[in-house]
Structure formats: C-alpha cells, structure tokens
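Comments concern the structure below.
Numbering (the numbering used here), first residue to last: 506 to 1042.
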C-alpha cells in the first residue's frame, strides 16, 4: 500500500515573521490606496515625488506595527523538525535497497466479540503490535534535553502494509490512527487498535460440546521477504487485557511464522499466523437443547406404557415427532450449510425422531394384534410359542387359556341327568360333553358311542321324542357356548401376544434411546481430542 508523501512545515521564527510582514504589507497597500490619494497629489504639488511619498507612508505605517520577537521552539518541536527534515514516508527507511526491514508482529487479544457459526466468521478486538527499525529516525538525546522516546503521528512516518489475509470484510479494515512511539536508536513501535473479522472454518461435529480453532493470518501484501521480513514478536498471544466471552471459553493460543511462495512471484512472502482455540460454554445449550430433547425422548417411551387398545398411543407418538421436528429446525438455523460435518446433536435428534416414527408404526401394529381375535382366527402356533417364551424372558404373566367353566357346570350335569332318565343309564353312560386337550368343549356323539342297537330307537315313546327334542336344544346351546368360548379364547390369546410385543418394543426402544443418549451426548464429547498441539504441525 503506497502512501502519499507528506509535506511537513515545522514552525520557524523567520518564516512566521515573513508571513506576518507580507500580510501587513498587503493591508498597508489597500489602506494607502484608499486614504492617501488626495494627500499624495497635494504633496506632489509641493515638489515631492510620488515614489518618495509612497516610501515615506510605508515607513510610517510599518513603524506603527508591533515589533516581532524571536519565537522560541520547544525541544520536541526541534526534534520533530530534525526528524522530518528530508524524510519521505513512501519509501522503506533503509540506506541500502538490498537490506530488508525486519518487522516484528504480535497481537494483544482484548475480546472475542462474536463467532458466527452460520457464516463462519470470527470477530475480535486486538491491539496489532508492530515494531521495526527506521534508520532515518534517530537522534542524540543530549541535543534534545535527554529525550529518548518520542511520539509522532503515524501518518508522518513509513509503515509496513500489514493486512489480514483471511479477512471476511469486503475491504481491508482500517487501523486506528494512533501515535507511533520512536526511540532514539530508531526503533519504532506502533500498536493500533483493530476490530478484525476473519474467516474461520467451523467443525460442528461435537456441537454443542465443540471446540473451534480459528486463525488470524497477518503479513505484508506488497513487499516480499527480501524487502520486509515479517516475524513474530512473541511466542504466544498477549492475554493480559483479555475480557471473557459469555458463550466461548479461550482454551489456548499459538503463533507460527510461515514463508510461502505464491504463483505470482518467485520471492517468498512471510506471514505470522495467530491461532486461537475456543470452547463453547454448554450451560445454555444443556437447558435449552439437551434437556428438552431427553425429555421428549422419554415421552416417546411412555407411549409404550399406555394400554395396547388405547388410541392415544398414535397421537402421543405423532406429537413427540412434531416436537422433534421443531427442535431440528431451531438447530439447523444456527448451523452452517455444509455437508462436511454433521453435529452430534443432529445425529441424536435424527435417531430419536426415527425411533418416534417407528413407535407410531409399532403402535399401529400392536393395535392390529390386539383386535385380531375378532376375526375368529387363532394365532399361529409358532407365534403363540414365541410370545410365551418372550413373556417368560420379560417376567410377564401368561394366561394360557380362559378357564372352561362349562365342562363341569350345572348345565352339563342337568343334561346328563335328563339323558339318563330318558334313555337309561346304560345308553348314556358314555354320552355327554367333555373337554378336549386344547381346552375347547367337545360334545360326544351318543349314537356312535352308546352301542345301542337301532331297534331301541324304533320303540321310543312320544315322551321320549319330546326329551330328544330337548336334548337337541341343549346340544345347540352348548355348541353356541363352545363357539363363544373359542372366540373369547382367540381374543385373549391375541391380546396376550399384543401385550408381550408392546413390552418387548418398549425394552428395545428404551435400550436404543439410553445407549444413543450416552454414546452421542456423553462418551463422544468426553473422548474427543481437539487441541492446538495435535491439530497444528
């Protein structure tokens, strides 16, 4: 960056007196031309020349002006005049063109203003400390009353064109026009205050438990390393005046000097890169993101605690799914639109959302199992066996069948008594209703099991025919009872299977939710290894 040459005019007594006399002469000429024209004409008539009259009037007016005394210059004025005499701030302050100007560069970090994750910009306030030797700015302190350090406006002297390489501004940021401090040996120290907006690549993998490493790359823009040699002033960033940030904690800093050869030029261009590692404070995100997510995941689990025949299971699952979608939108607003990194909280929310969606699907499946017995079909043997074993593993009670209250009921006893009175005890000793091995009633065939010959039926009396009619009605009633009992048995078996499956899915979802919460929100953030020592060469 080329600067315009500054024309410096120090206050000098003779020059000031000359300007005052010149101004006085101008005023005198004006007054003389307006007030003495008639007197001059009169005096000219008295044999006095016009020129002599002008000189006499000039002497009279100038004699009335106050006599200027010598203006005394201070030591700093004399030093400034001495330093600026024949000084040009547009060229490097070296006697030999082959000699580089060594610029020591350092920063004093005062505050981290903001870290914009979405736009990946770091905003910080720094004091940009720069020091170099100016071969033309030196003096003997004995000649200036022992002045060893002198402060001068920075525009009067040469300055290195230090710029921020990774600036996020459309134009280079301006420096504060602070005074430059010059020592008698020619050492110059210039610490302007700068607000820097630098680009910073964000790694949001562990958000909100993330660390970010940002850099400030500073160097000369136009001068190569043979003209301006930029080197670091200190090994670390000065944090003596640092003010803590409410969202980020400063963890570590590091300074590295680099020499890079760019395609445009064969000469190396040195730069000093300042690295800053910051860690996010998690208290805000724990109360506003983590805890609500865990509570919502708990609500998704409570859906399995509802009765299988409750229609609110699906409603609760859909409500939790909608709440997770809102959380995903809130987090996505603060995250950069990048596919390089996926935050852990995003993975966690995706897993919980998937589990919530599956819980709705499984709730529909369980409701289907619960009401499947109304189709008058029993469960397959393998499903019944698997559900029975699963219930034992889950410490659940399994009701095998509905107790057959009709096998030994009074209805069966009365039917057998009536049968004996009508047909004899010998014939109906083997007739009746018995229970099969599956718990279902089964009516035995009296005609086939009694062993009574066909002649016995031919001699039945009318009374016996009436009794036989009653027996048919009784058999019909028992058959209907048997059918109703079988339907109730199927319904209960499907309900038992639905209950066991509901408990099984609850255990699976509980295990996945707890394990994903521990792994993604506890283990991974604690085992991360992000530090300047391991990240930087």
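Glycine included, each C-beta is placed from N, C-alpha and C at the ideal position.
| query | result |
| --- | --- |
| What residues are listed by DSSP as bridge partners for residue 663? | Looking at the DSSP assignment, residue 663 forms no beta bridge with any residue, so it has no partner. |
| I'd like the span of the alpha helix (DSSP H) that includes residue 609, first residue to last. | Looking at the DSSP string, residue 609 is not in any alpha helix (DSSP H); the run it does join, the beta strand (DSSP E), is 606 to 621. |
| At the level of alpha carbons, what is the spacing between residue 619 and residue 628? | 5 Å |
| Hey, quick one: how far does the beta strand (DSSP E) through residue 758 stretch, first residue to last? | 753 to 765 |
| Identify every run of the beta strand (DSSP E) within the region 768 to 796, keeping only runs that are complete inside it and at least 3 residues long; order them along the chain. | 774 to 785 |
| Using the beta-carbon count (16 or more within 10 Å), is residue 771 buried or exposed? | exposed |
| What residue from 887, 794, 681 has the CA that sits closest to residue 695's CA? | 681 |
| Evaluate residue 977 with the Cβ neighbour count: other Cβ atoms within 10 Å of its Cβ, from every protein chain shown; 16 or more gives buried, anything less gives exposed. | exposed |
| Measuring straight from C-alpha to C-alpha, what distance separates residue 1026 and residue 853? | 8 Å |
| If you drop the 5 nearest sequence neighbours on each side, which residues of the same chain put their C-beta closer than 7 Å to that of residue 874? | 999, 1002, 1003, 1006 |
| From residue 623 to residue 732, what does the alpha carbon distance come to, in whole angstroms? | 39 Å |
| Mark residue 783 as exposed unless 16 or more other C-beta atoms lie within 10 angstroms of its C-beta, in which case mark it buried. | buried |
| Check whether the Cβ atoms of residue 773 and residue 724 lie closer than 7 Å to each other. | no |
| Spatial neighbours of residue 839 within its chain, please: CB distance less than 8 Å, with the 5 preceding and 5 following residues excluded, ordered by chain position. | 622, 623 |
| Which residue wins for smallest C-alpha separation from residue 823, given the options 982, 745, 861, 856? | 861 |
| For residue 588 and residue 642, which I take to be in contact (beta-carbon distance under 8 Å), what is that distance rounded to the nearest angstrom? | 6 Å |
| Of the choices 845, 595, 979, 722, whose alpha-carbon is the least far from that of residue 670? | 722 |
| Assuming residue 847 and residue 1022 form a contact by the criterion Cβ under 8 Å, report the distance between their Cβ atoms to the nearest whole angstrom. | With a Cβ gap of about 17 Å, residue 847 and residue 1022 do not count as contacting. |
| Name the residue from 855, 659, 664, 1008 whose alpha carbon lies nearest to the alpha carbon of residue 831. | 855 |
| What are the boundary residues of the alpha helix (DSSP H) that residue 582 is part of? | 580 to 589 |
| In terms of residues, what are the limits of the beta strand (DSSP E) holding residue 698? | 698 to 704 |
| For residue 795 and residue 617, what's the separation of their Cα atoms in angstroms? | 25 Å |
| With DSSP collapsed to three states, give me the class of residue 572. | Here the model assigns residue 572 a pLDDT of 43, short of 50, so the residue's position is not dependable, and the following value carries that caveat. Of the three classes helix, strand and coil, the one that applies to residue 572 here is coil, per DSSP. |
| Going by alpha carbons, who is nearest to residue 647 out of 660, 608, 690? | 690 |
| Hey, quick one: how far does the alpha helix (DSSP H) through residue 852 stretch, first residue to last? | 849 to 875 |
| Starting from residue 833 and walking both ways along the beta strand (DSSP E), at which residues does that stretch end? | Taken as a continuous stretch (DSSP letters only), residue 833 belongs to no beta strand (DSSP E), being part of the alpha helix (DSSP H) at 817 to 839. |
| What does the alpha-carbon distance come out to for the pair residue 765 and residue 826? | 53 Å |
| By DSSP's criteria, residue 668 is part of a beta bridge. Which residues make up the other side? | 724 |
| Taking the alpha-carbon positions, what's the residue 758 to residue 638 distance? | 28 Å |
| Name, in chain order, the residues that DSSP records as bridge partners for residue 719. | 781 |
| For the putative contact between residue 625 and residue 707, defined by C-beta atoms under 8 Å, what is the C-beta separation to the nearest angstrom? | 5 Å |
| Look at residue 631 and residue 735 and say whether their C-beta atoms are less than 7 Å apart. | no |
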